[in-house]
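Here the sequence shown stands for residues 1 to 357, numbered as in full-length UniProt numbering. From the three backbone atoms N, C-alpha and C, an ideal C-beta is built for every residue, glycine too.
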Amino acid sequence: MTTDPTTDSPDVPTPDDVLALGAEAVAELQAATDLDALDAVRQTWMGKKGRLSLVKRSLGKMDPETRKAVGQAVNTVNADFGRTESARRTTLELERDRVVLAAEAIDITLPPRVPTRGSLHPLRQTLDAILDVFVGLGYEIVTGPEVESDWFNFDALNTQMDHPARTLQDTIYVHGLTEAPKRDDGTTGMLLRTQTSPMQIRTMLDNDPPVYVAIPGRVYRQDTPDATHVPVFHQIEGLAVDTDLSLSDLYGTLMAFARALVGEDVKLRFRPHYFPFTEPSAELDAWVPDGQGGGKWMELLGSGMVHPNVLRAGGYDPEEVQGFAFGIGIERTAMVRYGVPDLRLFADNDVRLLSSF
1 MTTDPTTDSP DVPTPDDVLA LGAEAVAELQ AATDLDALDA VRQTWMGKKG
51 RLSLVKRSLG KMDPETRKAV GQAVNTVNAD FGRTESARRT TLELERDRVV
101 LAAEAIDITL PPRVPTRGSL HPLRQTLDAI LDVFVGLGYE IVTGPEVESD
151 WFNFDALNTQ MDHPARTLQD TIYVHGLTEA PKRDDGTTGM LLRTQTSPMQ
201 IRTMLDNDPP VYVAIPGRVY RQDTPDATHV PVFHQIEGLA VDTDLSLSDL
251 YGTLMAFARA LVGEDVKLRF RPHYFPFTEP SAELDAWVPD GQGGGKWMEL
301 LGSGMVHPNV LRAGGYDPEE VQGFAFGIGI ERTAMVRYGV PDLRLFADND
351 VRLLSSF
């Protein structure tokens, strides 16, 4: 080698000198670890004062024969440099993109944020559980209207005109649904049913005995809200009419129901009572603990043997068939089942309470 191409020396490089420089330049390109290093190598060799650029400028000082030989070497080096740089740049760009994509990647395999699923209201759960018990005992589920005539709600159920339940202070009467004149007690004859019992009469009028039905529904009374009373609540009416039914069949049915629903250990008692549509009649009470070692008895349901007058109103002969009936309060059963001390809590829509079910 007869020249230093990094200076403006007048010495003339040989073709071998140029090829040696090209090999060195290619080696540095291949050793570049990132795009910035690659750009620095290009500037070192091909920049305005780059080592190969100086060789190109020296061609003008050579005689024609030498210029031809050195020029061919320069062209070879330029081609090698360009191919090597392009290939290395592509490799480094792909590596850069891989790193960036990895850093900015979103894991689309993560599960979505699914809203918490709700659950049935505790009253709905209790209603379904009660119906399951009676379906298991062979009862059919039927429903009826909430706006009822007082004949179905009172007269056919052996409740006389002077009964206190028929006053405006105890029953919610409806205006505008009938053209019939007011009765002697000042009512219209149409009301929001006070119990699901009217479906006893409707069922008997539509079906021949034997009849075993459970009748769920909403009922209305002008009660002042307290821990065990609200003006709108839910009942399940039960009616069984067949030959040779007795009070022991009623007691056995209700004991099986209560224990299946609230547990075998629940304390129960039957207490004599009066209902105009049953005779004899009894209420079933359950012991509700207060959590402090005490508690109280709470009525779960009223029941009794169907009164002969009610059987006649339904088109049955009381000399040929007997029956028993019962009305279960859903809210009170839920209170015993879940240990809730105040049935008004079921209507408060407090998520803290409802989410516990």
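Item	Value
If you run the structure through DSSP and keep just helix, strand and coil, what is Pro278?	According to the sequence shown, residue 278 is Thr rather than Pro. Three-state DSSP puts Thr278 in a strand.
Closest to Gly291 by CA distance: which of Leu245, Val340 and Leu311 is it?	Val340
Check this for me: beta carbons of Leu191 and Val219, under 7 Å apart or not?	no
Would Glu148 be called buried (16 or more neighbouring beta carbons within 10 Å of its own) or exposed?	buried
My output table needs one value for Leu301: the three-state DSSP class, helix, strand or coil.	strand
Our contact map puts Ser303 next to Leu254 with C-beta atoms below 8 Å; I'd like the distance itself, whole angstroms only.	6 Å
Are there three or more Cβ pairs, one per stretch, closer than 8 Å when the segment 208-225 is compared with the segment 265-282?	no
Could you check which residue in Glu146, Ala103, Thr126 and Pro145 has the C-alpha nearest to that of Arg332?	Thr126
Would you say Gly144 and Arg221 are within 7 Å of each other, going by their C-beta atoms?	no
Relative to the C-alpha of Leu21, which candidate in Leu54, Met62 and Val262 has its C-alpha closest?	Leu54
In chain order, what residues of the same chain lie with their CB nearer than 6 Å to the CB of Leu299, ignoring the 5 residues before and after it?	The residue asked about is misnamed: residue 299 is Glu in this sequence, not Leu. Closer than 6 Å at the Cβ level, and outside the excluded window around Glu299, lie Glu283 and Asp285.
Roughly how many angstroms lie between the CA atoms of Pro225 and Arg344, to the nearest whole one?	8 Å
Go to Leu191, then tell me how far its beta strand (DSSP E) extends in each direction, as first and last residue.	Met190 to Leu192
For Arg88, does the count of other Cβ atoms within 10 angstroms reach 16, so buried, or fall short, so exposed?	buried
Would you call the segment 317-326 in contact with the segment 230-239, where contact means no fewer than 3 C-beta pairs closer than 8 Å?	yes
Measuring only the C-alpha atoms, how far is Thr116 from Leu250?	43 Å
Which class does Ser86 belong to by DSSP, given the choice of helix, strand or coil?	helix
What is the residue span of the beta strand (DSSP E) that Pro216 lies within?	Val211 to Tyr220
Candidates Ser119, Arg193 and Tyr338: which alpha carbon is nearest Val262's?	Tyr338
Using only the heavy atoms of the ligand COA, determine whether one of them is closer than 6 Å to the beta carbon of Ile141.	Inclusion of the ligand COA in the displayed structure is not the case, the ligand content being empty and no account of it being possible.
What is the residue span of the alpha helix (DSSP H) that Ala256 lies within?	Leu247 to Val262
Counting pairs of Cβ atoms below 8 Å between the segment 271-278 and the segment 108-122, do you hit three or more?	no
Roughly how far, in whole angstroms, is the beta-carbon of Arg42 from the beta-carbon of Glu85, given that I think they are within contact range, below 8 Å?	6 Å
Measuring CB to CB, does Ala32 end up less than 7 Å from Leu38?	yes
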